[in-house]
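Chemist: Our numbering applies: residue 48 is where the sequence shown begins, and numbers increase by one. Shown below is the structure under consideration.
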Amino acid sequence: MNKKKMNIVIVGHVDHGKSTIIGRLLADTNSLPEGKLDQIKEYCKNNSKPFEYAFLLDALKDEQSQGITIDSARCFFKSKKRDYIIIDAPGHIEFLKNMISGAARAEAALLVIDANEGIQENSRRHGYMLSMLGIRQIAVLVNKMDLVNYDEKVFNKIKEEYSEFLKQIKIKPKEFIPVSGMKGDNIANNSEKLEWFKGSNVLSVLDSFEKEKSLDEKPFRMPVQDVYKFTANGDSRRIIAGRIESGSVKVGDKVVFLPSNKRSEIKTIEEFNSSKKKEISAGNSTGFTLTEQIYTNRGEVMCKEGDKLPFVSSIIKANIFWMGKQSMQKNKEYKLKLGTAKIPIKLKEITNVLDASNLSDSKKDSIERHEVAECILECQNPVAFDLVNEITHTGRFVIVDDYDISGGGIITEFIEDKYSNLRSQVFLREEKWYHGMIGFKERVENYGQIPKLILLTGPKNIDKKSIAKLLEKRLFESGRKVYYLGIGNILRGLDSDIEKEKREEHVRRLGEVSHILLDAGLITIATASDLTVDELKLLQEIIDRNNVFIIGIGRLENGVYNLDLNPEEDINKSVTKIIDLLKFKGVLFSL
Ligand code: GTP
Ligand code: MG
């Protein structure tokens, strides 16, 4: 029997009976410590207080919170089928925060509505919250049926009205159940008083919820945390380290790093102070060495070939929960932290800011503290991610405003950006690339350099070619394998079939030619006038962005260039600056 635990959250308007229902579930499934129920009944009697099942929770909270480090809003109970952890979510703000940060993760929810009071503000707000968090398995409990004489009409009216609301937010509940937490009707047993109702009781609906696939069985994801280089005693290992968020891999598996598209194969699994493993899975922090040496960076996601791969895009559709003191503004720069990636982003569009209680569509330009919004974010560079309902860990993120975590979010949809087609083409190119018998690492070691494209750009009238040619000469004279790729040579050769105006295609071809030269191990130098940020991005899709150095001459656009040069400067000096940059970036080794 599968005795895996399942996390359930219970939500609903204040006083609609959440705690009472949990108390009942605990009592009716014999999940309470021996004598607990009597003890509390006795206590109530002695203090002339009416007994409440909700008291059970308070009593348990006090006990459970001692010793064990669980937050006080969790209870445990068992059915024949499995164990449950039930999260009582009194404050939805806290709950949202915990869900997004990963502190709590509910797989299914019970939503409680008081039959007597009917649908209230939080009944709707909480429904919306569940939908925003991607919790799809929901049962609605119409509670306190005893107060309305177990009347079928009252139940049907609430069911109808609330179903209508849920439909708008695309939730289809598994079941509506009339219950009385206080009297124990339809909680763990079907009630005679509700004989007109033919559905399941609360316990059996819980048992009918499906367990999420375990993380091990999902596609492999490891956000790269660090790359360690060992140089001592002829040890030339490079270890790619990180925490495996989902899936599993073994020695010999082919892996791909996204978004850079670099590919290799697992050679060893390196564990500190432990014997060598052949296989490793979700939840472990570990390191890998690879057969083919590649250069990957923190922030990339290591994935397994053959698995469903993450999406890559620079546009993200997400639901954001904002906690910042200052509201989240459109077009202001924030940082997105997703896995180990940290990327500048801007809020581009707010589709809906939630006043979840009435689903009113307020068209707003900012998200206030404690508001929830459906929105579109634009990232400066593409990121690899999953949808939150597929792989939670790589489908949620936090937003940093000035060093403070100010918001959390979940990714709900993949949206193509304008490079998506090109990206798929490049993906295929890399997947099918034919390699000779000489690997990348051999070339790097033999040539004493890491191949890079050095792209000099700036206004048309500024002389970039002289710098490019001098750079080539000086690198060559110091023994480097270097090539100056004159842009005119491509225009009159490879590009002779396309019109001059088709800039994008020219840039694409420049990228592909450079890509081949880089594969050959060469430092490649090219110039291009008035290259726009978009054209640069296009190039960075064709050649991994880490392989392009952009040198801006006479034009400054913050954050885009690796180096800005003054066109008035002596060109010898300019070239020295570029060479210093290459040394600093570890591109040139001493031969
Ligand atoms: P908060 O935690 O404050 O949001 O409330 P809650 O949803 O946990 O409600 P709780 O279980 O504390 O119940 C609120 C009140 O409703 C208590 O006085 C309960 O006795 C009463 N109540 C709960 N369920 C029922 C029911 O089925 N029938 C009747 N008659 N009263 C109920
Ligand atoms: Mg309560």
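For each residue, glycine too, the CB sits at the ideal point set by N, CA and C.
Using DSSP with H/G/I as helix, E/B as strand and the rest coil, what is residue 104?
Modeler: The count along the sequence shown starts at 1 and reaches residue 104 at position 57. Residue state, collapsed to three classes: helix.
Chemist: Of the residues 625, 619, 618, 615, which one's Cα is nearest the Cα of residue 46?
Modeler: Summary: the structure shown does not reach residue 46, with the chain confined to residues 48 through 638, and so no result is reported for it.
Chemist: Reducing DSSP to helix, strand and coil, say where residue 420 ends up.
Modeler: What you label residue 420 is simply residue 373 of the sequence shown in a count that begins at 1. Three-state DSSP puts residue 420 in a strand.
Chemist: Just to check, is the beta-carbon of residue 170 closer than 7 Å to a non-hydrogen atom of ligand 2?
Modeler: On the sequence shown, position 123 is the one that residue 170 refers to. Every heavy atom of ligand 2 is 7 Å or more from the Cβ of residue 170, so no.
Chemist: Between which two residues does the alpha helix (DSSP H) holding residue 435 run?
Modeler: Residue mapping note: residue 435 aligns to position 388 of the sequence shown, counting from 1. First-last for residue 435: undefined, no H or E at that position.
Chemist: Could you compute how far the alpha carbon of residue 336 sits from the alpha carbon of residue 561?
Modeler: In the sequence shown, residue 336 corresponds to position 289, counting from 1. In the sequence shown, residue 561 corresponds to position 514, counting from 1. C-alpha separation (whole angstroms): 28 Å.
Chemist: If you reduce the DSSP assignment to three classes, tell me which class residue 76 lands in.
Modeler: Counting from one through the sequence shown, the residue named residue 76 turns up at place 29. Three-state DSSP puts residue 76 in coil, outside helix and strand.
Chemist: Helix, strand or coil, according to DSSP, for residue 190 in the structure here?
Modeler: If you number the sequence shown from 1, residue 190 lands on position 143. In the three-state DSSP reduction, residue 190 falls in the strand class (E or B).
Chemist: Flag residue 193 as yes when its Cβ comes closer than 7 Å to any non-hydrogen atom of ligand 1, and as no otherwise.
Modeler: Taking the sequence shown and counting its residues from 1, one reaches residue 193 at position 146. It does: the Cβ of residue 193 is within 7 Å (strictly closer) of some heavy atom of ligand 1.
Chemist: Should residue 62 be counted as a contact of ligand 1 given a C-beta to heavy atom distance under 7 Å?
Modeler: Position 15 of the sequence shown, counted from the start, is the residue given in the question as residue 62. Correct: residue 62 has its Cβ closer than 7 Å to ligand 1.
Chemist: Check whether the Cβ atoms of residue 166 and residue 220 sit closer than 8 Å, and answer yes or no.
Modeler: Taking the first residue of the sequence shown as 1, we reach residue 166 at position 119. Taking the first residue of the sequence shown as 1, we reach residue 220 at position 173. The Cβ atoms of residue 166 and residue 220 do not sit closer than 8 Å to each other.
Chemist: Looking at the structure shown, is residue 205 part of a helix, part of a strand, or coil, going by DSSP?
Modeler: Looking up residue 205 in the sequence shown gives position 158. In the structure shown, residue 205 sits in a helix (DSSP, three-state: H, G or I).
Chemist: Let me know if residue 480 comes out buried or exposed under the rule of 16 or more other beta-carbons within 10 Å of its beta-carbon.
Modeler: Position 433 of the sequence shown, counting from 1, holds the residue named residue 480. Label assigned to residue 480: exposed.
Chemist: Here's the rule: buried if 16 or more other CB atoms are within 10 angstroms of the residue's CB, otherwise exposed. What is residue 242?
Modeler: Translated into the one-based positions of the sequence shown, residue 242 becomes position 195. Exposed is the call here.
Chemist: Under the DSSP definition of a beta bridge, which residues are partnered with residue 301?
Modeler: For the purposes of this step, residue 301 is identified with residue 254 of the sequence shown, where counting begins at 1. 312, per the DSSP bridge assignment.
Chemist: Tell me the DSSP bridge mates of residue 135?
Modeler: Mapped onto the sequence shown, residue 135 falls at position 88. BP columns for residue 135 point to 57.
Chemist: Is the segment 57-75 in contact with the segment 228-236, if contact means three or more CB pairs nearer than 8 Å?
Modeler: yes
Chemist: Closest to residue 593 by CA distance: which of 232, 132, 342, 274 is it?
Modeler: The residue labelled residue 593 in the question sits at position 546 within the sequence shown. Closest option to residue 593, Cα to Cα, is 342.
Chemist: Looking at the strands, I want to know which residues DSSP matches up with residue 334.
Modeler: By 1-based counting over the sequence shown, the position of residue 334 is 287. For residue 334, which the question treats as bridged, DSSP gives the partners 288, 317.
Chemist: With the cut-off set at 8 Å, would you say residue 131 and residue 234 are in Cβ contact?
Modeler: The sequence position of residue 131 within the sequence shown is 84, counting from 1. The sequence position of residue 234 within the sequence shown is 187, counting from 1. Contact: no.
Chemist: Looking only at C-alpha atoms, which of 382, 430, 388 sits nearest to residue 357?
Modeler: Here the question's residue 357 lines up with position 310 in the sequence shown. Among 382, 430, 388, the Cα nearest to that of residue 357 is on 430.
Chemist: Of all Cβ atoms in chain D, is any one closer than 8 Å to the Cβ of residue 125?
Modeler: Any reference to chain D falls outside this structure, which holds one protein chain only.
Chemist: Secondary structure at residue 126, three-state DSSP: helix, strand or coil?
Modeler: Your numbering for residue 126 matches position 79 in the sequence shown. Coil at residue 126, not helix or strand.
Chemist: Quickly, what does DSSP pair residue 350 with across the bridge? List them, please.
Modeler: Locating residue 350 in the sequence shown gives position 303, counting from the first residue. Note: residue 350 sits in a beta bridge opposite 268, 303.
Chemist: Does the segment 415-433 come close enough to the segment 364-382 to have 3 or more Cβ pairs within less than 8 Å?
Modeler: yes
Chemist: Just checking residue 161 against ligand 4 - is the residue's beta carbon closer than 7 Å to any of the ligand's heavy atoms?
Modeler: This structure does not include ligand 4; its bound ligands are ligand 1 and ligand 2.
Chemist: I want to check one thing, is the minimum distance from the CB of residue 106 to the heavy atoms of ligand 2 below 7 Å?
Modeler: One-based indexing of the sequence shown puts residue 106 at position 59. Checking the Cβ of residue 106 against ligand 2 gives no.
Chemist: Helix, strand or coil for residue 399? Go by DSSP, reduced to three states.
Modeler: For the purposes of this step, residue 399 is identified with residue 352 of the sequence shown, where counting begins at 1. Looking at residue 399 - three-state DSSP - the assignment turns out to be strand.
Chemist: Does the distance from the C-beta atom of residue 447 to that of residue 384 stay below 8 Å?
Modeler: Walking along the sequence shown from the start, residue 447 turns up at place 400. Walking along the sequence shown from the start, residue 384 turns up at place 337. The answer is yes: Cβ separation under 8 Å.
Chemist: Any heavy atom of ligand 2 inside 7 Å of the beta-carbon of residue 156?
Modeler: Counted from its first residue, the sequence shown places residue 156 at position 109. Answer for residue 156: no, Cβ out of range of ligand 2.
Chemist: Does the beta-carbon of residue 292 have 16 or more other beta-carbons within 10 angstroms, so that it is buried, or is it exposed?
Modeler: Counting from one through the sequence shown, the residue named residue 292 turns up at place 245. Looking at its Cβ environment, which holds 16 or more other Cβ atoms inside 10 Å, residue 292 is buried.
Chemist: Using the Cβ count rule (16 or more neighbours within 10 Å means buried), how would you classify residue 61?
Modeler: For this step, residue 61 is matched to residue 14 along the sequence shown. Exposed is the call here.
Chemist: Contact between the segment 579-593 and the segment 304-321 is defined here as three or more beta-carbon pairs at a separation below 8 Å; is this criterion met?
Modeler: yes
Chemist: Which residue wins for smallest C-alpha separation from residue 389, given the options 207, 299, 270, 195?
Modeler: Working through the sequence shown from its first residue, we reach residue 389 at position 342. If we check each option's Cα against that of residue 389, 270 comes out closest.
Chemist: Examine ligand 2 and report whether any of its heavy atoms sits within less than 7 Å of the Cβ of residue 74.
Modeler: If you number the sequence shown from 1, residue 74 lands on position 27. Not under cutoff, so the answer is no.
Chemist: What number of angstroms, rounded off, separates the C-alpha of residue 641 from the C-alpha of residue 391?
Modeler: Lying outside 48 to 638, the shown extent of the chain, residue 641 is not represented and no answer is given.
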